[in-house]
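Residue 1 is where the sequence shown starts when you use the UniProt record's numbering, and the numbers rise one by one after that.
Using N, Cα and C, we set each Cβ at its ideal position, and we do this for glycine too.
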Amino acid sequence: MKVVASQAGSTSSDPLLQPFRLRGLTLRNRVVSTSHASMLDDGGLPLERYQRYHEEKARGGLAMTMVGGSAMTSPDSSWGGGQLDLSTDRIVPHLQSLSERIHRHGAAVMCQVSHLGRRATAYAGNWLPPVAPSRVRETRNRNFPKEMDAADIDRIIKDYASASRRCLDGGLDGVETVTGGHLIGQFLSLRTNRRTDGFGGSLENRARFGLMVHEAIRRAVGDDFAVGIRFVVDEAVEDGSDFEECLAFAQLFEREGHIDFFNCIFGRMDTDLSLAEQNMPGIFSPSAPFLPLVGQFKQQTSLPVIHAAGIRDIATARHAIRENLVDLVGMTRAHIADPDIVNKVMRGEEERIRPCVGASYCLYKKVQCIHNPASGHETIISHTIVRAETPKRVVVVGGGPGGMEAARVAAERGHRVSLLEAGARLGGQVLVAASASDRKDLIGIVDWRVDELARLGVEVRLNTYADAEIVLSVKPDAVIVATGGIPDMERLEGAEYCDSVWDVLTGVVQAKDDVLIYDETGRQAAISCALHLAQHGRVVSLAISDDTLAIETPYPDRVSFRKRASERGIRVVSDVRLVKAARQGNGITATFRHELTGAETEMTAAQLIVERGTAPMEDTYQELRAHSANNGVTDIALMTGTETKRDNGPRAAGSFVLHRIGDAIASRDIYSSIYEAYRLCSQL
């Protein structure tokens, strides 16, 4: 079985565009998307939305997309939902449809097949007890597994083989198993394998289960089908397998001859922190943190190597191939940000690739990218913006992420667009967020759009407060108000004694040495401000209305925020709501009411910084309503795409339709503003 794509014979000198041979498979270039749980399945099946998500990446030019993160080989390998279910034949026709779609665009497709072992849950899915080599509970999963007996071992080995055969019957090009925190890896590691039989103790004994699994898979799929392992090169913990032991395991798997590649990963996934810092490095991690170690691994093994962990940009990917650190480079989250990466490289448009900014939003809400609203929504939103039949004159008021996206999409539609921004720079609240040292990469959301607006010829007027008179003077056909919000201090007694996170992060207000921050949102703003100030030597206390710090953030960020708050000596008080603030001597006293008991307490600091979300800036919108054809009312059916009218009904001569988006409506997040702008303006 093989896939030969149009650029497989390319004469380009770009190392990323060179073809590669993997078993009987010819891959058209060196860029892949690795397996991940997209949460787009329907009851364990890859139906239309799952297929369209992966098809978009194939259309974008990559060599291979890998599906089925933690796909179930067995009924007792469920974490409760969001996995492909390879345990029965019902999946085969859907895999056939998926593979046909991917192959149609010249890409290959593989599936991860795995048993979770102790990572499975007993309290959802099929409500079966998890099994593992030994009765060792996983911290993150919290389930106590049954120690596997001979019958369990035989059954699960057969299940691996049957699941792999279903992938072959489904027209896929290969499969990969997983070591790491999954069942094969649980046998390999002394942390989780305490057996005294033929599957425990020595290195060879601990490898026996994995070797038997791969032997059974090879018998089931034949010689032409690619089979690999997503393989941990170092568990990075004292009682686990270090690099040398992992290398010895790898060489043992190589000698047995049943596998074709290693997909290298680092560390563990059995706690929230290890998952965030090692398995799926997020916003606090440097670019490609494990690439040098993977390069060392490749030099001491003979099989092809794939690696994906924080490789967000083409320059890093190209370096990894050119320096022979890997054979295939995984850019999984980068393709959620922009599935057209390879096509843009081939067209000489590398600078137009929408950057992955490492925000981990794709781990928060399915596979949604913080600034690509089409990813994960392929059945309802197109990645391609269609030009309008009739060009219009469009004015966008406000140059934050929502306003920039509205202007970009409207210009892509062929409309003549003016973007009016009151400040000296585009970016809005993203500029504030990126002021925190740990979140500086968010500026990529702004920079990419600035470049796109220039390319599209959008008129950008900075330092322009757009009141109704200025907007009407342009004689628009459509006006999008994206003026955002301002820090919400309404109905807070003593608000005059409080500063906002915005003012402190941007330097408008100087932070004092002893700071109390209050957070009523659970978002990144307050904790980012706290970490930033603590890093610069301030004594910081943080009071939150929730029971958990940063509760409205992706789970990798949540635990990383908690770790850094502890490292930087930030005192955190939870479950309290700010009642009032008052000056007391040279400091500010904040009165809090406990959310559970109602008891009131006081905390005093030199400075009180408050984060309660934003209140809409709606003056311009309200001024314009009477002049608009729709009184500023956006039909929800239009916004959600359930109807395709281009405006809100007939307009009087010289009138216009008026819409508002993002925080100009209500306090939300970056994604909400961009998503709203995209789906509204793509129908404008």
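Among the options, nearest to residue i - alpha-carbon criterion
i: Arg416; options: Ser87, Lys392, Arg439; result: Lys392
i: Val131; options: Ile153, Glu204, Ala466, Thr139; result: Ile153
i: Ile321; options: His371, Ala525, Asp197, Asn29; result: Asn29
i: Asp41; options: Gln18, Ile91, Thr390, Ser74; result: Ile91
i: Met639; options: Cys681, Leu419, His627, Arg625; result: Cys681
i: Pro339; options: Gly201, Arg206, Asp223, Val31; result: Val31
i: Arg333; options: Ser375, Arg255, Gln510; result: Ser375
i: Ser541; options: Ile670, Asp223, Ile570; result: Ile570
i: Gln299; options: Ser33, Asn324, Ser202; result: Asn324
i: Arg142; options: Trp79, Ile370, Gly507, Val109; result: Trp79
i: Gly222; options: Glu452, Ala207, Ala161, Ala37; result: Ala161
i: Phe290; options: Gln524, Gly310, His532, Ile283; result: Gly310
i: Asp575; options: Thr597, Asp557, Arg564; result: Thr597
i: Tyr364; options: Ser38, Ser667, Thr26, Val579; result: Ser38
i: Leu168; options: Gly185, Ala220, Ala124, Arg195; result: Ala220
i: Gly423; options: Asp447, Val460, Val136, Glu405; result: Val460
i: Ala406; options: His377, Ala434, His371, Asp438; result: His371
Residue environment, residue i, which counts as buried when at least 16 other CB atoms sit within 10 Å
i: Val430; result: buried
i: Phe561; result: buried
i: Thr88; result: exposed
i: Thr521; result: buried
i: residue 725; result: Look at the range of the chain in this structure, 1 to 684, and you will see that residue 725 is not part of it.
i: Pro616; result: buried
i: Asn263; result: buried
i: Ile156; result: buried
i: Glu138; result: buried
i: Asp149; result: exposed
i: Arg660; result: buried
i: Asp197; result: exposed
i: Lys440; result: exposed
i: His536; result: exposed
i: Lys475; result: exposed
i: Gly649; result: Note on Gly649: pLDDT 45, under 50, position unreliable in the model; the coordinate value appears next. Classification of Gly649: exposed, given that the 10 Å Cβ count is below 16.
i: Ser77; result: buried
i: Asp477; result: buried
i: Thr390; result: exposed
i: Gly585; result: exposed
i: Ala637; result: exposed
8 Å Cβ cutoff, residue i in contact with chain B
i: Ala454; result: Judged by its chain identifiers, the structure shown contains no chain B, having just a single protein chain.
Residues sharing a beta bridge with residue i, DSSP
i: Gln186; result: Partner(s): none; Gln186 has no beta bridge.
i: His594; result: Val576
i: Glu567; result: According to DSSP, which records beta bridges pairwise, Glu567 is partnered with nothing at all.
i: Arg587; result: Rather than Arg, the amino acid found at residue 587 in this sequence is Gly. Partner(s): Gln584.
i: Ser628; result: Phe656
i: Met64; result: Val32, Ala108
i: Phe262; result: Ile229, Val305
CB-CB length for residue i against residue j, believed under 8 Å
i: Ser134; j: Asn193; result: 6 Å
i: Thr179; j: Val213; result: So it is not a contact: roughly 11 Å between Cβ atoms.
i: Leu611; j: Asp499; result: Correcting the residue identity first, residue 611 is Glu in this sequence and not Leu. So it is not a contact: roughly 10 Å between Cβ atoms.
i: Gly170; j: Gln83; result: Not really, about 16 Å apart at Cβ, beyond 8 Å.
i: Glu277; j: Ser285; result: 7 Å
i: Thr384; j: Glu421; result: With a Cβ gap of about 27 Å, Thr384 and Glu421 do not count as contacting.
i: Leu419; j: Gly399; result: 6 Å
i: Asp272; j: Tyr555; result: 6 Å
i: Val232; j: Phe266; result: 7 Å
i: Arg449; j: Arg408; result: 6 Å
i: Glu602; j: Thr589; result: 5 Å
i: Asp239; j: Gly485; result: That pair is no contact at about 50 Å.
i: Leu188; j: Phe249; result: 6 Å
i: Ala359; j: Leu247; result: About 34 Å separates the two Cβ atoms, so there is no contact after all.
i: Leu16; j: Phe261; result: Contact flag wrong, Cβ pair sits at about 18 Å.
i: His335; j: Lys146; result: 38 Å between Cβ atoms; not a contact.
i: Ala526; j: Arg568; result: Ala526 to Arg568, Cβ: 14 Å. No contact.
i: Pro373; j: Tyr678; result: 4 Å
i: Ala108; j: Asp173; result: 4 Å
i: Ile341; j: Gly106; result: 15 Å between Cβ atoms; not a contact.
i: Leu624; j: Val471; result: 6 Å
i: Leu578; j: Phe592; result: 6 Å
Beta strand (DSSP E) runs wholly inside the stretch 373 to 428, at least 3 long, in chain order: Counting only runs of 3 or more, we get 393 to 397, 416 to 420.
If you scan the stretch 146 to 208 from start to end, which runs of the beta strand (DSSP E) of 3 or more residues do you find wholly inside it? With a minimum length of 3 residues, the continuous beta strand (DSSP E) runs that stay inside the stretch 146 to 208 are 174 to 178.
Tell me the start and end of each unbroken beta strand (DSSP E) in the stretch 298 to 368 that is at least 3 residues and wholly inside, in chain order. Taking only runs of at least 3 residues, the beta strand (DSSP E) segments lying wholly in the stretch 298 to 368 are 305 to 307, 328 to 330.
Any chance you could list the alpha helix (DSSP H) runs of at least 4 consecutive residues sitting entirely within the stretch 461 to 491, in chain order? You should have 468 to 473.
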